[in-house]
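Asks: Numbering (mature numbering (1 follows the signal peptide of the UniProt record, and there is no 0)), first residue to last: -31 to -1, 1 to 264.
We put the beta carbon where it would ideally sit given N, CA and C, even for glycine.
Pasting the structure below:
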């Protein structure tokens, strides 16, 4: 072997060592968090956000979750914006660091849509440990017609880090009306605290969680090429939206600028939204006992 070949070999080896030891290299390689650890920690506090309608936009949606894989592809038109949902912690329990890095950047803007009735019978089971410890029972429901499409946005131009953006930009949830069968559950109290940096200075909210109104399930929009490692997690993201009541509060309104993150909707203009008190809470659930994989 020539001296030049030996030197070339050492150079290649040194470059490999450098890449694997650079700060942030391991983080950037984590394209997606594991399904159950991520899904079980994602709670969204939802606010009324009427008063804006995007330019005429039609999107074609395909279901991602295995339980609903047989439902047909459907094209819907985006209507008036109805809600804005942001990540929160419950009762002071913060997601673990590797999961918090992703959860805190999931902001969704929800628009009215219309579609065909599905009438799918399901049983919903709570996934978040805080709610599980409250003894909330499984709920038999019927999933009815789609009412909203919730899509990822950024607030006030503050974008997630690149390795986080490549994940959260593919979170699209189609929200269906629910018919809850049997006796409705009893209201239960929770304390909600903001996780996203833009709203970190907002005070905590004491809420009473009431009845489930919607089931939001993962979909993909035609034209959105979701990486396999991202799909393996987002396909398990089911959230049940519950009505919440807040006590007397002195929390003032806050106005935010929203920018679309998903590639299919990147051409839509930025929006302004003003939020005050939450009206619903999205809690992670499993359908028909199909628990997301741990890895």
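(1) In terms of alpha-carbon separation, which member of 102, 125, 145 lies closest to residue 119?
(2) I'd like to know whether the C-beta atoms of residue 96 and residue 257 end up nearer to each other than 7 Å.
(3) Residue 133 to residue 69, Cα distance in whole Å?
(4) If the criterion is Cβ atoms closer than 7 Å, does the pair residue 161 and residue 181 meet it?
(5) I'd like to confirm the pairing. Which residues does DSSP put opposite residue 167 in its beta bridges?
(6) CB-CB under 8 Å to residue 99, same chain, minus the five flanking residues each way: which ones, in chain order?
(7) Candidates 6, 123, 35, 137: which alpha carbon is nearest residue 168's?
(8) Out of 225, 1, 30, 221, point me to the one whose CA is closest to residue 186's CA.
(9) Should residue 35 be labelled buried (16 or more other beta-carbon atoms within 10 Å of its own) or exposed?
(10) At which residue ranges does the segment 72 to 133 contain complete beta strand (DSSP E) runs of 3 or more residues, listed in the order of the chain?
(11) Please return the same chain residues whose Cβ sits closer than 6 Å to the Cβ of residue 245, not counting the five positions on each side in sequence.
(12) Going along the chain, which residues of its own chain have a beta-carbon closer than 7 Å to the beta-carbon of residue 151, five neighbours each way excluded?
(13) Kindly list the residues whose CB is nearer than 8 Å to the CB of residue 199, restricted to its own chain and excluding five residues on each side of it in sequence; keep chain order.
(14) What does a CB cutoff of less than 6 Å around residue 260 pick up in its chain, not counting 5 residues either side in sequence?
(15) Determine whether the Cβ of residue 89 lies closer than 7 Å to any Cβ atom of chain C.
Replies: Based on what the coordinates show:
(1) Counting from 1 along the chain shown, the entry for residue 119 is found at position 150. Here the closest residue by C-alpha is 145.
(2) Sequence index remark: in the chain shown, residue 96 carries index 127 (1-based). Sequence index remark: in the chain shown, residue 257 carries index 288 (1-based). No, the pair does not count as a contact, with Cβ atoms beyond the cut-off.
(3) Residue 133 sits at position 164 when you count from the first residue of the chain shown. Residue 69 sits at position 100 when you count from the first residue of the chain shown. Their Cα atoms are separated by approximately 11 Å.
(4) On the chain shown, position 192 is the one that residue 161 refers to. On the chain shown, position 212 is the one that residue 181 refers to. Not in contact: residue 161 and residue 181 (Cβ atoms no closer than 7 Å).
(5) Numbered from 1 along the chain shown, position 198 holds the residue referred to as residue 167. In the DSSP output, where bridge partners are listed per residue, residue 167 has none listed.
(6) Locating residue 99 in the chain shown gives position 130, where the first residue counts as 1. Counting only Cβ-Cβ distances below 8 Å, and skipping sequence neighbours, we find 59, 60, 62, 159.
(7) The residue you call residue 168 lines up with position 199 of the chain shown. Proximity to residue 168 across 6, 123, 35, 137 peaks at 123, based on C-alpha coordinates.
(8) Stepping through the chain shown from its first residue, residue 186 is reached at position 217. Looking at 225, 1, 30, 221, the one whose alpha-carbon comes closest to that of residue 186 is 30.
(9) Start at 1 with the first residue of the chain shown, and residue 35 comes out as number 66. Burial call: exposed.
(10) Taking only runs of at least 3 residues, the beta strand (DSSP E) segments lying wholly in the segment 72 to 133 are 77 to 81, 89 to 95, 108 to 124.
(11) Within the chain shown, the letter at position 276 stands for residue 245. Correct list, in chain order: 222.
(12) Locating residue 151 in the chain shown gives position 182, where the first residue counts as 1. Cβ neighbours of residue 151 beyond the five flanking positions: 109.
(13) Sequence index remark: in the chain shown, residue 199 carries index 230 (1-based). So the qualifying residues of the chain are -1, 1, 135, 136, 139.
(14) Locating residue 260 in the chain shown gives position 291, counting from the first residue. Around residue 260: no qualifying Cβ.
(15) Checking the listed chains, one finds no chain C in this structure; it contains a single protein chain.
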